[in-house]
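Trainee:
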Amino acid sequence: MDHLVSPSILTADFGNLGRDIKLVNKSVADWIHCDVMDGVFVPNISFGFPVIEHVRKISAKPLDVHLMIVDPDRYLTRFRDAGANILTVQYEACTHLHRTVSEIHNLGMKAGVAVNPHTPVTLLKNTLPFIDMVLIMTVNPGFGGQSFIMESYNKISELSKMIFSGGYNILIEVDGGIDISNARRLIEAGVNVLVAGNSVFSSDDPVETIRKLKRLE
Ligand code: DX5
Ligand code: ZN
Numbered sequence: 000m001d002h003l004v005s006p007s008i009l010t011a012d013f014g015n016l017g018r019d020i021k022l023v024n025k026s027v028a029d030w031i032h033c034d035v036m037d038g039v040f041v042p043n044i045s046f047g048f049p050v051i052e053h054v055r056k057i058s059a060k061p062l063d064v065h066l067m068i069v070d071p072d073r074y075l076t077r078f079r080d081a082g083a084n085i086l087t088v089q090y091e092a093c094t095h096l097h098r099t100v101s102e103i104h105n106l107g108m109k110a111g112v113a114v115n116p117h118t119p120v121t122l123l124k125n126t127l128p129f130i131d132m133v134l135i136m137t138v139n140p141g142f143g144g145q146s147f148i149m150e151s152y153n154k155i156s157e158l159s160k161m162i163f164s165g166g167y168n169i170l171i172e173v174d175g176g177i178d179i180s181n182a183r184r185l186i187e188a189g190v191n192v193l194v195a196g197n198s199v200f201s202s203d204d205p206v207e208t209i210r211k212l213k214r215l216e
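Letter 119 of the sequence shown, counting from 1, is numbered 118 in numbering that gives the first Met the number 0, and no numbers are missing.
1) Considering only C-alpha positions, which residue in the set Ile85, Cys33, His2 is nearest to glycine 196?
2) Answer yes if the segment 61 to 76 comes into contact with the segment 12 to 20, meaning at least three C-beta pairs across the two stretches below 8 angstroms, and no otherwise.
3) Pull up the distance between the alpha-carbon of arginine 55 and that of glycine 189, whole angstroms please.
4) In the structure shown, what three-state DSSP assignment does serine 198 receive?
5) Out of Lys25, Arg77, Glu172, Arg183, which one is the CA nearest neighbour of valine 112?
6) With a threshold of 16 other CB atoms inside 10 Å of the CB of aspartate 203, please say whether the residue is buried or exposed.
7) Using a strict less-than 5 angstroms threshold between each residue's beta carbon and the heavy atoms of the ligand ZN, what residues do you get?
8) Between valine 39 and the rest of its own chain, which residues show a CB-CB distance below 8 angstroms, the 5 nearest in sequence each way excluded?
9) So what does methionine 0 bridge to, in DSSP terms?
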């Protein structure tokens, strides 16, 4: 399968968000990544439902919504109603993860689970049969524009083997510090979805940068 590219709007120009979403529409991006931060799970606050509804109205791409919030169960229905297609929760924020991912599926969305850099992927062993995607955080969540953590390659290989040996149909997404310099090695390690914020929206030509991330040029 060809890998997917999911530009993160966290580094978009929020004064011209509609314009930036239209750039993504006309690019070869597969999804659009929306980072929701609550100021509790992570030391930053980003945006919530009104922004996601706005993105939904303009975006021609599926919404890949990444929740960096405590107690996400309280808001799953609202994220579905706001337009999320793929909803990813943080492993560390869920006490009853199986219930949470079941509810995401009941609401008609794909379910992803994200792991922070300190969380071993082996902890997902009993969750893999129930999910569609694992998001390996390749920076500590909270901010765009941070440096990629090199140890992530080992986690990706380990997870890739777990998925293969279990015969699961699960995507591996990476998020944080992704650019054209590390994209190819990540795909070779088994990644299926590249999230990129800073490298896309701080570039001179976001459409061309997305094309390079897709073609690995
Ligand atoms: C970080 C977010 C990321 C972020 C990635 O907490 O989850 O999605 O937007 O940004 P870059 O690509 O700038 O590291
Ligand atoms: Zn994210």
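In this text, a Cβ means the ideal position worked out from N, Cα and C, and glycines have one as well. The model shown is predicted, which means the values in this text are computed figures rather than measured ones.
Mentor: With the structure as the only source:
1) Cys33
2) no
3) 29 angstroms
4) helix
5) Glu172
6) exposed
7) Asp34, His65, Asp174
8) Ile68, Val69
9) Bridge partners of methionine 0: none, in fact.
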